[in-house]
Amino acid sequence: MERRKIRWDARGAHVAVVGATGAVGREMVHCLDALKFPVREIDLLASSRSAGKQLETPWGTKTIVDADAFDFSGVDIALFSAGKSVSLALSQRVLDAGALMIDNTSAYRRDPAWPLVVPEVNGDLVRLESIIIANPNCSTIQMVLALKALEDAVGIEDVRVATYQSCSGAGQKGIDALITETKHALEGKRDAVSAVHARGIAFDVVPQIGPMLPSGFTEEEEKMMFETRKILGREDLRVCATCVRVPVIRSHSEVVSVVTKREISVAECEAILDDMPGLRVTDRGNAGSYPTATQAEGIFDTLVGRVRKDPVTPKGLIFWIVSDNLLKGAALNAVQIACLAWAQGKDGKVA
Ligand SMILES: NC(=O)c1ccc[n+]([C@@H]2O[C@H](COP(=O)([O-])OP(=O)(O)OC[C@H]3O[C@@H](n4cnc5c(N)ncnc54)[C@H](OP(=O)(O)O)[C@@H]3O)[C@@H](O)[C@H]2O)c1
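According to the numbering used here, the sequence shown is numbered sequentially starting from 139.
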């Protein structure tokens, strides 16, 4: 694939948000503004179902455009969050237009040709002249922030994680399903279950996200294990994930157990995690102040708590990580990548 022509412009970038009406897309628009990304022009794209609808943005009222009919010429950065099939179908048109594609879907994460980036972890892979940059799975992003901090400080050997993932991880329809099924359950209609989550989610906990695979793991678990190794550049890292959907609207929570190469104390571990950009330990010296899902909602930082020694192994540590899956788990991470890429032009590194 040919390298794109760089079109850095001091007035800012022409941005396209594909999937702008979705749970992640709406947050992308919010994050572009919150991070003061220099937007010269913005186009909001979705399916033909939403074409013609209007959305208020910090750059005025915008009319949603059908992505299929959109001409990407002139776009500098295209942020995609409209599902894997849309990314695969439209990527060639984006690339032909010479834009940088930052993709939130699983379409390109496994492809060795494209970097999989969490800016605080491997942001050095971001170039304005990159062609596609993949944004990792939401549950992976929050965990690799902590793992990178420990890897750099003391080295890590094994990782086990159990997730408690919110319903917004399945998009707006995931939230709607939780609310509708909960209302029905309260009316005694426990059988009124949508097909969005693997099982009915009202008042239940479901140990399946994505299809079950022959390995016995689910697709979400395989994504977490693969992506963690790719982002950390540690093909040898032993990672074991169990991913669970819980009846929470927003923010994913995780219990992470790590075996480090050198034994460290709880205080040392807390200091290492708290020093990591994007991570904040909320209960240092105040045991009750661990983070919860509702507390993490709308917050850019990933929150950590309950750091403790694993009694099973001397080099083992266990902690609790909570992050807003629609922000750091998706939109914020993608916009941070856009900021990094654009800043290279601003700093004169890209002519
Ligand atoms: N939710 C998360 O926590 C999260 C985290 C990381 C990554 N992701 C990924 O981000 C993507 C979007 O997730 P979401 O949670 O925002 O889902 P969502 O709430 O269901 O939104 C989907 C968006 O895609 C648009 N869309 C659907 N079909 C389309 C088509 N054929 N052409 C153009 N646009 C189309 C929808 O437009 P209409 O309104 O017109 O239907 C909507 O804007 C998915 O690939 C997901 O895996 C999600």
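Note that the Cβ used here is the ideal one computed from N, Cα and C, for glycine as well.
Check: Return the residue from the list Ile270, Ile279 and Ala172 that minimises the CA-CA distance to Ala251.; Outcome: Ile270
Check: With Ile279 and Ala476 assumed to form a contact (beta carbons below 8 Å), what rounded beta-carbon distance in angstroms separates them?; Outcome: In fact, because the Cβ distance is near 15 Å, the residues do not count as touching under 8 Å.
Check: For Val491, list the residues DSSP reports as bridge partners.; Outcome: Nothing about residue 491 can be reported from this structure: the residues present for the chain run from 139 to 489 only.
Check: Which of helix, strand or coil does DSSP assign to Ala489?; Outcome: Model confidence at Ala489 stands at a pLDDT of 42, short of 50, so the residue's coordinates are unreliable; what they give is reported in the following sentence. Ala489 falls in the coil class under three-state DSSP.
Check: Here's a check: name, in chain order, each residue in its chain whose Cβ is nearer than 7 Å to the Cβ of Leu470, leaving out the five neighbours to either side.; Outcome: Cys169 and Phe438
Check: If you draw a straight line from the alpha carbon of Leu351 to that of Arg446, how long is it in whole angstroms?; Outcome: 33 Å
Check: What is the rounded straight-line gap between the Cα of Ala489 and the Cα of Ala205?; Outcome: Because Ala489 sits at a pLDDT of 42, beneath the cut-off of 50, its placement in the model cannot be relied upon, and the following sentence gives the value as read from the coordinates. Looking at the two C-alpha atoms, the distance is approximately 30 Å.
Check: Between Gly293 and Arg376, how many whole angstroms is the CB-CB distance? I'm expecting something under 8 Å.; Outcome: With a Cβ gap of about 13 Å, Gly293 and Arg376 do not count as contacting.
Check: Give the secondary structure of His152 by DSSP, where H, G and I count as helix, E and B as strand, and everything else as coil.; Outcome: strand
Check: Looking only at its own chain, which residues have a Cβ that is under 7 Å from the Cβ of Asp171, when we skip the five neighbours before and after it?; Outcome: Pro196
Check: Less than 7 Å separating the Cβ of Asn275 from some heavy atom of ligand 1?; Outcome: yes
Check: Quick one: grab the DSSP three-state call for Val203.; Outcome: strand
Check: Output the residue ranges of the beta strand (DSSP E) runs that lie fully inside the segment 357-393 and measure 3 residues or longer, sorted by chain position.; Outcome: 376-380
Check: Indicate, with yes or no, if ligand 1 has a heavy atom lying under 7 Å from the CB of Val195.; Outcome: Residue 195 is actually Thr in this sequence, not Val. No; taking the cut-off as 7 Å, the Cβ of Thr195 has no heavy atom of ligand 1 nearer than that.
Check: For Thr432, which of Asp412, Asp462, Met414 and Val404 has the nearest alpha-carbon?; Outcome: Asp462
Check: Grab the span of the alpha helix (DSSP H) containing Thr491 for me, first residue to last.; Outcome: This structure cannot speak to residue 491, because the chain is shown only from 139 to 489.
Check: At the level of alpha carbons, what is the spacing between Leu288 and Ile180?; Outcome: 39 Å
Check: Given the structure, does Ser185 come close to ligand 1, in the sense that its CB is under 7 Å from one of the ligand's heavy atoms?; Outcome: yes
Check: How many Å lie between Val282 and Ile410 at the Cα?; Outcome: 14 Å
Check: Taking Cβ to Cβ, would you say Gly150 is nearer than 8 Å to Ala220?; Outcome: no
Check: Would you mind reading off the limits of the alpha helix (DSSP H) that contains Gln474?; Outcome: Leu470 to Lys484
Check: Secondary structure at Met261, three-state DSSP: helix, strand or coil?; Outcome: Checking the sequence shown, residue 261 turns out to be Gly, not Met. If DSSP states are grouped into helix, strand and coil, Gly261 belongs with the helices.
Check: Using a Cβ-Cβ cutoff of less than 7 Å, which residues in the same chain neighbour Val407 once the five nearest sequence positions on both sides are dropped?; Outcome: In the sequence on display, residue 407 carries Cys and not Val. Around Cys407: Val445 and Leu455.
Check: By how many angstroms is the C-alpha of Met414 removed from the C-alpha of Lys484?; Outcome: 26 Å
Check: Note down the Cα distance separating Arg418 from Trp458, rounded to an integer number of angstroms.; Outcome: 11 Å
Check: Would you report the Cα separation of Val397 and Ser403, rounded to the nearest angstrom?; Outcome: 12 Å
Check: Report the three-state DSSP secondary structure of Ile240 (helix, strand or coil).; Outcome: strand
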